[in-house]
Amino acid sequence: MPKLVKNNQAVESDGWIEVDSLEAASAALQPLIPLSLVTEARNNGLADKQYGILFSDQDSFEVLLESLSEQPVIVFKFGKFADGRFFTFARELREQHAYSGDIRAAGDFMPDQVAFLSRCGFTSFDCRNEAEAALIPGIKGIVSNAYQADAQQPEPLFRRK
Amino acid sequence: MYVYDSYDQQIVDQRVVQFKEQTERFLAGQLAAEEFLPLRLQNGLYVQRHAPMLRIAVPYGLMTSTQLRKIADVSRRFDKGYVHFTTRQNIQLNWPALEDVPEILKELASVQMHAIQTSGNCIRNTTTDQFAGVIADEIEDPRPWCELIRQWSTLHPEFAFLPRKFKIAVNGSQSEDRAAIRFHDIGLQLVKNDEGKTGFKVYVGGGLGRTPLAGQEVRSYLEQEDLITYLEAILRVYNVHGRRDNKYKARIKILVKALGVDKFRELVDAQWQMIKDSPNRLTDEEINRVKSYFTAVDYQPLADETEKLASLRFENDPFDKWMTKNVQAHKEAGYAAVTLSVKKVGHPPGDATDTELEQIADLADQFSQGELRVSHQQNVVFSDVKQSDLFALWQALDALGFADPTVGTLNDVICCPGGDYCALANAKSIPIAEAIQTEFNDLDYLFDLGDLDLNISGCMNACGHHHIGHIGVLGVDKKGEEFYQVSLGGDSGVNAQVGKILGPSFKAEDMPGVIKKIIDVFVESRSEEEPFISVVNRLGLEPFKERVYAKAS
Ligand code: SF4
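Taken in order, these protein sequences are the chains called E and W.
Quick note on this note's numbering: the first sequence kicks off at 164 and runs consecutively.
Quick note on this note's numbering: the second sequence kicks off at 664 and runs consecutively.
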């Protein structure tokens, strides 16, 4: 059973896997490399390989910005669902740093946060379990309009009506 | 007042559906209690000591008689038939059943009300002066700005999981600050610049609780079109840099204090430069659209009734007192604003029954264009009463028990629910309020004491705003016993300051006597008509300490 939600659908893995060492990174086809290892991995010739960045709640957003190049995916791994910083980081990546790859939520986030996460620029969700992945398509769009401009909707409601 | 268009209504209706789905999942055991917690809090639902408590948003304290009747109806059908007006201009139901909350929210949505973001670590209801739009010395009516902030902050995707709650207040008056903006996370003061253009002075980092601090000026003048983008920049800096490791250090005031306001300003400005000219920048069209809802009040060309009122006051002493304490001058000739005293000895301040709410709604229809306001002092305001109706309104209020001429006096206590209702309390607060009210039940004496804010909180969370009462009372726990700490000199107004602690705390039974001694020192030391707060500022705490802690001889 899939626990990844992409394009508002629960899908089987899309190949990206979290790794925790340089060896594992070079062994994997599509590794998600912890931000703390990215520089080292690059120096070790990994730059030619497709890889994604795994950002944990201990990491620095400034370092992420410095490490940003053409990575196709950035994963924000929630340590606690109440840590709202990732909402801002994703928006800044989209709106201020023109990042256009996949921004993925992983770790301890709730399906009920997916609507807001999406509006902040997240595009895929690696859920805690299958049941949550199955729930998301049904609840994400319940509130269908919004006052604010956001990563999905560049104009606030007052400019749209 | 603002009326929902189809978009506003749709958002509120859909939020009800969303919450219903969440509640059902929780009740079916598919949503863990700790995960339902932030979801229900974001929708105003607490679980208190005895039962859930639902806090209903009253945007900037303004409501219609129709909405008030709906609240009465809901409190009767789903609760015990009474509600509580809060110090943040909202309304609380104290005992709704969780299963009923979705239905209650649906009822509220039918009259353009909701409970969105009345609690939780998000942007809360924006508050303002209860006399907004009707007083003469205003730079501009703050309510349209509150409404613009309400729309921007409602279901904001980025700021639903802040380090801590976030409160914004707006003031439009030039001489007074009834909104206590310096004690909010963000305080906005409407100002005019040298060219006469209206904008905002912005304060940040004020608050009460464990670390009471007055907000600091972060910007002396902000163009009105920049309001939303600038708020967004502040919130973004807070969301990223605010502490999340200790909930007592998580408010923005701690961040501002730690960084210093200059460094904080730098961070905000850097962020703001990125988004200043984004589509979120307000347009004149939108500002005018929202303003148009507040200028539409139907005033008749009337003349002031000065002479007629003067003779009525001369003939009738209780009416005269009420006019002095409970009636406020209005910017329109021939009108006045009236405060209904909702405080009754022995009842929690701000509590009202369903029947009382309906009586108030009827009077609002009859005397004040069907609108009313909730004040920070937990009273109700009729903002647009014809002066020619004042005597009739007074008689009607007097018959119902809402005409106590105590507004602004020592007996107009601000008081949190305290140990009788609140799980966090160190001590009861309502019986203290009651004992003090009973001690000072001589109206003439109270009246002579002049304006005096007495604020009582049952614990450090300071829901009763004890730090900014002229006299503040805080419930503390001493080895399992309830004690009360007294502070003097707090001020929520333009001279924002936090009260200073008098000394060791007192037992509940000693409190009326302690307050009496403080009042005695004040009465003996004041020059004619001098207000309490000015005596405290002039003399300092010493004479009060001496009297209160004097050894019995
Ligand atoms: S101040 Fe304390 S006791 Fe009073 S309502 Fe707030 S949390 Fe409860």
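Ideal placement from N, C-alpha and C gives every residue a C-beta, glycine not left out.
Just so you know, these numbers come straight off a predicted model, no measurement behind them.
8 angstroms Cβ cutoff, residue i in contact with chain E
i: V1044 of chain W; result: no
i: A823 of chain W; result: yes
i: R899 of chain W; result: yes
i: I849 of chain W; result: no
i: E968 of chain W; result: no
i: W808 of chain W; result: no
i: L768 of chain W; result: no
i: N706 of chain W; result: no
i: V903 of chain W; result: yes
i: E1191 of chain W; result: no
i: I674 of chain W; result: yes
i: T946 of chain W; result: yes
i: Q677 of chain W; result: yes
i: R907 of chain W; result: yes
i: Q814 of chain W; result: yes
Option nearest residue i by Cα separation, candidates the options
i: F794 of chain W; options: W:V1044, W:N1200, W:V1136; result: W:V1044
i: S281 of chain E; options: E:A309, E:I216, E:Q259, E:H260; result: E:A309
i: A842 of chain W; options: W:G1156, W:K939, W:M776, W:P1094; result: W:G1156
i: V1234 of chain W; options: W:T892, W:L1106, W:G1113, W:T790; result: Since the displayed chain W opens at 664 and closes at 1216, residue 1234 of chain W lies outside it and no answer follows.
i: R787 of chain W; options: W:L704, W:M716, W:E803; result: W:L704
i: G868 of chain W; options: W:N1042, W:H847, W:A1159; result: W:H847
i: A652 of chain W; options: W:A1213, W:K860, W:Y1212, W:H1010; result: Lying outside 664 to 1216, the shown extent of chain W, residue 652 of chain W is not represented and no answer is given.
i: D1083 of chain W; options: W:G1113, W:N757, W:Q852, W:K988; result: W:N757
i: D1111 of chain W; options: W:D1183, W:W815, W:P1206; result: W:D1183
i: S738 of chain W; options: W:A1015, W:L694, W:G1203, W:L1056; result: W:A1015
i: G1162 of chain W; options: W:L1026, W:I1119, W:F682, W:A823; result: W:I1119
i: D271 of chain E; options: E:K212, E:N292, E:G284, E:G264; result: E:N292
i: I719 of chain W; options: W:R751, W:R688, W:T729; result: W:R751
i: A877 of chain W; options: W:R845, W:I891, W:K864, W:C809; result: W:R845
Buried versus exposed, by CB contacts within 10 Å (16 or more), residue i
i: P765 of chain W; result: buried
i: Y723 of chain W; result: buried
i: V174 of chain E; result: exposed
i: V931 of chain W; result: buried
i: K984 of chain W; result: buried
i: R323 of chain E; result: exposed
i: Y911 of chain W; result: exposed
i: R873 of chain W; result: exposed
i: D800 of chain W; result: exposed
i: I180 of chain E; result: exposed
i: G215 of chain E; result: buried
i: L192 of chain E; result: exposed
i: V666 of chain W; result: exposed
i: F301 of chain E; result: A small fix is needed here, since residue 301 of chain E is Gly in this sequence, not Phe. With fewer than 16 other Cβ atoms within 10 Å, it is exposed.
i: T401 of chain E; result: The structure shown has nothing for residue 401 of chain E, since chain E only spans 164 to 324.
Residue i: contacting residues in chain E (beta-carbon distance under 8 angstroms)
i: R703 of chain W; result: The premise fails here: R703 of chain W is roughly 11 angstroms from chain E at the closest Cβ pair, so nothing lies under 8 angstroms.
i: P1219 of chain W; result: Past the boundaries of the shown model lies residue 1219 of chain W; chain W is included only from 664 to 1216, so the question cannot be answered.
i: T817 of chain W; result: Y310
i: E888 of chain W; result: What E888 of chain W touches in chain E: nothing, since even the nearest Cβ is about 12 angstroms away.
Contact list for residue i against chain W, beta-carbon separation under 8 angstroms
i: V236 of chain E; result: Per Cβ cutoff of 8 angstroms: no residues; V236 of chain E is ~21 angstroms from chain W at best.
i: K169 of chain E; result: Here the premise fails: no neighbours, minimum Cβ distance about 19 angstroms.
Opposing strand residues paired with residue i [DSSP bridges]
i: V710 of chain W; result: W:P715
i: H777 of chain W; result: W:A720
i: D265 of chain E; result: E:V236
i: F982 of chain W; result: Per DSSP, none; premise fails for F982 of chain W.
Under 7 angstroms by beta carbon: chain W residues contacting residue i
i: D211 of chain E; result: In chain order: nothing, as chain W lies at least about 33 angstroms away.
i: D275 of chain E; result: Q685, L702
i: I302 of chain E; result: E684
i: R282 of chain E; result: P820
i: R254 of chain E; result: E821
Chain W within 8 angstroms of residue i, Cβ atoms only
i: L195 of chain E; result: no
i: L200 of chain E; result: no
i: E318 of chain E; result: yes
i: F288 of chain E; result: no
i: Y310 of chain E; result: yes
i: A173 of chain E; result: no
Under 9 angstroms by beta carbon: chain E residues contacting residue i
i: V680 of chain W; result: I305, V306
i: L1001 of chain W; result: What sits at residue 1001 of chain W in the sequence shown is Val, not Leu. The contacting residues do not exist; V1001 of chain W stays about 34 angstroms from chain E at best.
Chain E residues whose Cβ lies nearer than 7 angstroms to that of residue i
i: M937 of chain W; result: Q259
i: Y1228 of chain W; result: Since the first and last residues shown for chain W are 664 and 1216, residue 1228 of chain W lies out of range.
i: E949 of chain W; result: F321
Amino acids of chain W, ordered along the chain, whose beta-carbon sits closer than 9 angstroms to that of residue i
i: Q221 of chain E; result: Here the premise fails: no neighbours, minimum Cβ distance about 12 angstroms.
i: D183 of chain E; result: Within chain W, no residue comes near D183 of chain E; the closest Cβ sits about 25 angstroms away, beyond 9 angstroms.
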